[in-house]
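Residue numbers (my numbering): 10 to 310. Using N, Cα and C, we set each Cβ at its ideal position, and we do this for glycine too. See below for the structure under consideration.
Below you can see the structure in the form of structure tokens.
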């Protein structure tokens, strides 16, 4: 059993497919199959149940998963430690992020990081399924670090540091009948037609939970996965939406209304997985993000 075999094993478990794992690893499918067969022979156990629809770990495969992850993490940590002694930092870092969120300047931060650590390669993955998807990417090991919309209490299994916040309010088109209002009760918004994020995005989760808690229902006419798209749809009268104040307060086509009886806050945070060894690049980037936001530096753990 070696690191290469464990890397292939984790890829197959993650993808649920030999062919998709092969694509991600830039290997022939036959090479992936042969690697898994060799690992199974070495361990004396079948690691995957192969069906026509999906490849799933057997009980033995499930038992191996956390240990394989820990071994590869430790291997990377050892490499990072040696590189740190020699004064350099290299390798790669997999970063998940929210698109079109300017409350915290992520591109600027990444530019600073690259200037300080030019030998680190960054692989960026946009949040196709929102903060929930980014959190799962950290748990599964697909990502080393993510910029997401959450607080520590939302994900106790992750390290989460808030970098910036903005209050959410009801955004309506400038010509909407409510455009003269300064404040509104949450119950008074229930009859409106909404534009909102898809399920899994943090702002949607936050608002849905508050409506459910109060026994309210709302009509979501259009779902998006992009904040700027949501604002554009609101601006053009296709519905109202809960949007952060920073995004629309200077937009002449949108009127922003405070929600008088609900505390909706958007967060931009940096997160890493708890209970896993963090690669040195992820630890350095997280520390740089906290410094950029004026937050205290957390010691690696």
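Apply the 10 Å Cβ neighbour rule to residue i and answer buried if 16 or more other Cβ atoms are within range, or exposed otherwise.
{"i": "residue 228", "result": "exposed"}
{"i": "residue 275", "result": "buried"}
{"i": "residue 10", "result": "exposed"}
{"i": "residue 157", "result": "buried"}
{"i": "residue 185", "result": "buried"}
{"i": "residue 170", "result": "buried"}
{"i": "residue 212", "result": "buried"}
{"i": "residue 265", "result": "buried"}
{"i": "residue 108", "result": "exposed"}
{"i": "residue 51", "result": "exposed"}
{"i": "residue 58", "result": "exposed"}
{"i": "residue 270", "result": "exposed"}
{"i": "residue 277", "result": "buried"}
What does DSSP give as the partner residues of residue i in its beta bridges?
{"i": "residue 265", "result": "180"}
{"i": "residue 208", "result": "Paired residues: none, contrary to the question."}
{"i": "residue 193", "result": "268"}
{"i": "residue 289", "result": "According to DSSP, which records beta bridges pairwise, residue 289 is partnered with nothing at all."}
{"i": "residue 105", "result": "134 and 155"}
{"i": "residue 175", "result": "275"}
{"i": "residue 168", "result": "281"}
{"i": "residue 66", "result": "57"}
{"i": "residue 249", "result": "203"}
{"i": "residue 120", "result": "In DSSP, residue 120 forms no bridge with anything."}
I need the boundaries of the beta strand (DSSP E) containing residue i, first residue and last residue.
{"i": "residue 220", "result": "Note, residue 220: premise wrong, no beta strand (DSSP E); alpha helix (DSSP H) at 211–222."}
{"i": "residue 242", "result": "It is not in any beta strand (DSSP E) - residue 242 instead sits in the alpha helix (DSSP H) that spans 236–244."}
{"i": "residue 135", "result": "129–135"}
{"i": "residue 50", "result": "Where residue 50 is concerned, there is no enclosing beta strand (DSSP E), although the alpha helix (DSSP H) it sits in stretches over 38–52."}
{"i": "residue 59", "result": "57–59"}
{"i": "residue 233", "result": "228–233"}
Where do the ends of the alpha helix (DSSP H) carrying residue i lie?
{"i": "residue 257", "result": "254–257"}
{"i": "residue 34", "result": "27–34"}
{"i": "residue 146", "result": "139–149"}
{"i": "residue 20", "result": "12–24"}
Might you give, ordered along the chain, the residues of its own chain that have their beta carbon closer than 8 Å to the beta carbon of residue i, omitting 5 neighbours on each side?
{"i": "residue 305", "result": "Below a pLDDT of 50, predicted positions are generally treated as unreliable, and residue 305, at 46, falls in that range; the measurement from the model is reported next regardless. Here the set comprises 299."}
{"i": "residue 242", "result": "204, 231, 233, 248 and 250"}
{"i": "residue 307", "result": "Interpretation of residue 307 is limited by its pLDDT of 46, a score under 50 that renders its predicted location unreliable; no figure is taken from the coordinates."}
{"i": "residue 220", "result": "195, 199, 226 and 227"}
Just to confirm my understanding: we take residue i, look at its own chain, exclude 5 residues before and 5 after, and list those with CB closer than 7 Å. What are they?
{"i": "residue 27", "result": "21, 38, 41, 42 and 64"}
Might you give, ordered along the chain, the residues of its own chain that have their beta carbon closer than 6 Å to the beta carbon of residue i, omitting 5 neighbours on each side?
{"i": "residue 201", "result": "249"}
Below 8 Å, can you find three or more Cβ-Cβ pairs linking the segment 102–120 to the segment 276–295?
-> Short answer: they touch.
Does the segment 246–259 come close enough to the segment 117–132 to have 3 or more Cβ pairs within less than 8 Å?
-> No: fewer than three Cβ pairs fall under 8 Å.
Would the segment 258–266 and the segment 219–234 be scored as touching if the rule is three or more Cβ pairs under 8 Å?
-> Fewer than three Cβ pairs drawn from the segment 258–266 and the segment 219–234 lie within less than 8 Å of each other, which leaves the two stretches out of contact.
Taking contact to mean at least 3 C-beta pairs separated by less than 8 Å, is the segment 159–167 in contact with the segment 181–199?
-> Between the segment 159–167 and the segment 181–199, the count of Cβ pairs shorter than 8 Å is below three; the stretches do not touch.
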